[in-house]
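Count the sequence shown with the working numbering and you get residues 2 to 418, in order. The C-beta atom is built at its ideal place from N, Cα and C for all residues, glycine as well. Predicted model only: the values in this text are computed from it and were never measured. Heads up: the structure comes next, in structure tokens.
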Amino acid sequence: MTPDDAGSPEAVADRLGVWLVGALGDVATTSVLGAAALARGLVGSTGLVSESEACAGIPLAPWASLVFGGHDVRDGDPVASARALADAGVVGVPLVSELEKELSAYGARVRPGVVYGAGEVVRSLESPSARARRADGPLAALAALREDLARFRREHALARVVVVHVASTEPAYEGGEELARGEDLWRALERGAELPASLLYALAAIEEGCPYVNFTPSLGAGCGGLRERARERGVPHMGRDGKTGQTLLRTSLAPMFRARNLRVLSWSGFNILGNRDGAVLDEPAANQAKTQGKDRVLGSILGESLGTSLTRIDYVPSLGDWKTAWDFVHFEGFLGARMQLHCTWHGADSALAAPLVLDLVRLLDAAARAGRSGLQEGLACFFKTPHGVSEQSFPAQVRLLEDYLAELREALASPSA
Numbered sequence: 002m003t004p005d006d007a008g009s010p011e012a013v014a015d016r017l018g019v020w021l022v023g024a025l026g027d028v029a030t031t032s033v034l035g036a037a038a039l040a041r042g043l044v045g046s047t048g049l050v051s052e053s054e055a056c057a058g059i060p061l062a063p064w065a066s067l068v069f070g071g072h073d074v075r076d077g078d079p080v081a082s083a084r085a086l087a088d089a090g091v092v093g094v095p096l097v098s099e100l101e102k103e104l105s106a107y108g109a110r111v112r113p114g115v116v117y118g119a120g121e122v123v124r125s126l127e128s129p130s131a132r133a134r135r136a137d138g139p140l141a142a143l144a145a146l147r148e149d150l151a152r153f154r155r156e157h158a159l160a161r162v163v164v165v166h167v168a169s170t171e172p173a174y175e176g177g178e179e180l181a182r183g184e185d186l187w188r189a190l191e192r193g194a195e196l197p198a199s200l201l202y203a204l205a206a207i208e209e210g211c212p213y214v215n216f217t218p219s220l221g222a223g224c225g226g227l228r229e230r231a232r233e234r235g236v237p238h239m240g241r242d243g244k245t246g247q248t249l250l251r252t253s254l255a256p257m258f259r260a261r262n263l264r265v266l267s268w269s270g271f272n273i274l275g276n277r278d279g280a281v282l283d284e285p286a287a288n289q290a291k292t293q294g295k296d297r298v299l300g301s302i303l304g305e306s307l308g309t310s311l312t313r314i315d316y317v318p319s320l321g322d323w324k325t326a327w328d329f330v331h332f333e334g335f336l337g338a339r340m341q342l343h344c345t346w347h348g349a350d351s352a353l354a355a356p357l358v359l360d361l362v363r364l365l366d367a368a369a370r371a372g373r374s375g376l377q378e379g380l381a382c383f384f385k386t387p388h389g390v391s392e393q394s395f396p397a398q399v400r401l402l403e404d405y406l407a408e409l410r411e412a413l414a415s416p417s418a
């Protein structure tokens with residue numbers, strides 16, 4: 002299905018909008034490319050939880066029904082972004098050539114974003130149109146973001162729009178406690194407070210009734226006021242920070258040490274990565290926002306059996322979209338024997354993240370159709386620091402997902418769904 006089909010009455014009920022914040026980034030580009038390839042039967046479904054047996058029987062949005070748009074603070078071209086990913090060996094060159102038309106159509110639907118609360122790297126990329134949006138203050142910027150979502154839904158005759166935040170990591174925002182209620186948000190906006198852009202995007206989504214996903218460590222819908230507003234508006238949402246690589250490994254291995262009553266003396270992790278995200282994470286404030294989540298999961302799972310932990314992320318420009326993570330675990334076993342575990346994870350960042358983005362789009366859409374609202378805790382396994390869930394063990398989170406999927410399956414099978 003193409004954007005030109007929007008006038009078809011038969012298509013209206015099935016068309017699902019996907020609005021990507023950070024629309025010109027590698028994760029967004031790979032998501033759009035992947036969905037288009039799946040819609041045309043050009044690739045298989047490896048890496049997609051929503052195509053696994055766990056989701057059997059749940060009526061998820063067909064790939065051909067997805068229509069993509071988004072916000073970005075810089076100028077760019079998704080076709081050029083996809084070609085760069087192909088040059089780096091992340092995706093195939095023939096695939097990009099085959100899907101140029103779809104990528105170009107997506108690029109035409111990208112609107113200027115805002116850079117409130119961003120670090121120096123992101124601010125340096127700000128386009129003139131994004132700068133103009135920021136000039137009139139946060140309240141006017143929020144209105145513009147909302148209008149973009151409303152117009153996207155209207156012009157493409159979409160039944161729903163799911164908003165996914167995949168933009169670069171913001172420095173940690175320290176004022177979240179001051180935004181505990183919905184009314185606090187509006188008072189802050191009315192007095193011109195420069196709230197972080199991720200919060201404005203989340204608020205725009207919730208006010209427009211759009212299911213929302215925060216796939217980054219940024220604040221997003223992480224304050225009490227936004228959660229309150231999502232419940233009032235009946236909007237399902239979940240975050241924060243997609244769990245794609247090193248943390249996925251850690252939350253799978255740490256339960257093993259705990260189950261065998263092995264004492265972890267120290268757990269050290271080192272990451273090197275390139276691409277724009279790597280450049281952003283080279284800034285200390287953004288780096289700290291990212292590493293805190295990676296480090297916190299170990300203490301949550303291992304408790305007092307964890308000695309010390311360390312996580313480090315370094316930028317290596319030549320790596321492009323590829324990242325390598327090393328984990329060194331020093332542990333103590335029976336009779337005080339001291340042993341070691343060494344792990345290396347080498348992966349393409351966007352190829353790991355994009356399928357999870359697409360999974361979350363389909364599952365949040367299903368949640369909205371099932372009448373669910375507020376935090377979707379059953380989706381915790383997709384995130385490093387899942388809102389509303391203290392459990393960090395990946396196997397335990399998978400059981401939460403299975404229960405959640407069973408509830409969705411039952412709800413959507415009823416005649417009223």
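With a cut-off of 9 Å, does the C-beta of P387 fall near any C-beta of chain D? Among the chains in the structure shown there is no chain D, since it carries only a single protein chain.
State the DSSP-derived secondary structure class of G274, mapped to helix, strand or coil. In the sequence as presented, Gly is not what sits at residue 274; that position holds Leu. L274: strand per DSSP, three-state reduction.
Inter-residue Cα distance where the pair is R134 and Y202: 13 Å
Which residues does DSSP pair with P237 in a beta bridge? G375
Could you tell me the distance, in whole angstroms, from the CA atom of A205 to the CA atom of H331? 46 Å
Taking the continuous beta strand (DSSP E) assigned at E179, which residues delimit it? First-last for E179: undefined, no H or E at that position.
Count the other CB atoms within 10 Å of the CB of H388; is the residue buried (16 or more) or exposed (fewer)? buried
Just list the alpha helix (DSSP H) runs in the region 74 to 115, keeping only unbroken ones of 4 residues or longer that don't cross its boundaries, in chain order. Taking only runs of at least 4 residues, the alpha helix (DSSP H) segments lying wholly in the region 74 to 115 are 79 to 88, 94 to 99 and 101 to 108.
Straight-line Cα distance separating S199 from G321: 25 Å
Three-way DSSP call (helix, strand, coil) for Y213 in this model: strand
Return the chain-ordered list of same chain residues with a C-beta closer than 7 Å to the C-beta of V362, the five sequence neighbours on each side being excluded. V19, V163 and V165
Give the DSSP-derived three-state secondary structure of G120 in the structure shown. coil
By Cβ distance, which residues of its chain are closer than 6 Å to R230, with the 5 residues on each side in sequence left out? G183 and I207
Is any heavy atom in the ligand GDP found nearer than 8 Å to the beta carbon of A89? For the ligand GDP, the structure offers nothing, since it holds no ligand at all.
By how many angstroms is the C-alpha of G114 removed from the C-alpha of Y174? 19 Å
Are V80 and V97 closer than 9 Å when you measure CB to CB? yes
With a threshold of 6 Å on Cβ separation, who are the neighbours of S9 within its own chain once the five nearest residues in sequence on each side are excluded? Bear in mind that the predicted position of S9 carries a pLDDT of just 36, short of 50, making it unreliable; the figure below should be weighed with that in mind. Nothing meets the Cβ criterion.
A326, DSSP secondary structure in three states: strand
So what does I314 bridge to, in DSSP terms? Looking at the DSSP output, I314 shares a beta bridge with N272.
When the Cα of L402 is compared with those of G26, E54 and S32, which residue comes out closest? E54
Distance, P197 Cα to A222 Cα: 11 Å
Exposed or buried, M239, counting other C-beta atoms within 10 Å across all chains shown (16 or more means buried)? buried
Out of curiosity, what's the CA-to-CA distance linking M2 and A106? For M2, the predicted structure reports a pLDDT of 36, less than 50, and the residue's modelled location is therefore unreliable. The matter cannot be settled from this model.
Mind checking H72: buried by the 16 CB within 10 Å criterion, or exposed? buried
Looking at D350 and W323, is the spacing between their C-beta atoms short of 9 Å? Inclusion of W323 and D350 in the CB contact set at 9 Å is warranted, their separation being smaller than that value.
Same chain only: Cβ atoms within 8 Å of V214, ignoring 5 sequence neighbours per side: V163, V164, V165, H166, H238, M239, G240, V358, L361, V362 and L365
Same chain, Cβ closer than 6 Å to V22, neighbours up to 5 away in sequence not counted: Within its own chain, the residues whose Cβ lies closer than 6 Å to the Cβ of V22, once the five positions on either side in sequence are excluded, are H72, H166, A168 and Y202, listed in chain order.
For V265, collect the residues of the same chain with a Cβ closer than 7 Å to its Cβ; drop the 5 residues on either side in sequence, then sort them by chain order. Around V265: F258, L303, S306, L307, G308, V330 and F332.
Residue from H347, S301 and S51 with nearest C-alpha to W64: S51
Those residues which DSSP pairs with Q341 across a bridge: H331
DSSP three-state assignment for L402, whether helix, strand or coil: helix
Do you know how far the Cα of V123 is from the Cα of R132? 12 Å
So, helix, strand or coil for R161, using DSSP? R161 falls in the strand class under three-state DSSP.
Flag this pair as yes or no: are the beta carbons of C224 and E178 separated by less than 9 Å? yes
Select from G300, G210, A354 and E121 the residue whose C-alpha is nearest the C-alpha of R154. Ranking G300, G210, A354 and E121 by CA distance to the CA of R154 puts G210 first.
Alpha carbon to alpha carbon, what distance is there between C382 and W187? 32 Å
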